[in-house]
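Asker: The structure that follows is given in the form of structure tokens.
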Amino acid sequence: MMSWAVMLFELLFSFSLLTQTTLVIGLVVAATFHFANACLFGLNRFFWIWLAAYPSIVWLQQSIFVLG
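With the working numbering applied, the sequence shown covers 99 to 166.
Structural data, given as structure tokens:
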């Protein structure tokens, strides 16, 4: 069930770029997921590496609507 939930989230994540509120919600859910994986599987830098990509996603969402 969890694997289907992850796949569904990954498929629907692109819709989170529609508004800044949905993007923040999507990034919080993703950060929670990555933090849980880092803790459960002992992946020390896993969480921080994914978190480092979030500013570029915020920039992408803002540039889509500025140019669009």
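Where is the CB? At the ideal position from N, CA and C, for every residue including glycine.
#1: I'd like to know whether the C-beta of Asn142 is nearer than 8 Å to at least one C-beta of chain D.
#2: Using only CA atoms, which one of Met105, Ala136 and Ser112 lies nearest to Val156?
#3: Assign Leu158 to buried or exposed, taking buried as 16 or more other Cβ atoms, counted over all protein chains shown, within 10 Å of its Cβ.
#4: Can you give me the Cβ contacts of Phe133 inside the same chain, cut-off strictly under 8 Å, excluding the 5 residues immediately before and after it?
Answerer: So, from the data block:
#1: In the displayed structure, chain D is absent; only one protein chain is listed.
#2: Ser112
#3: exposed
#4: Phe145
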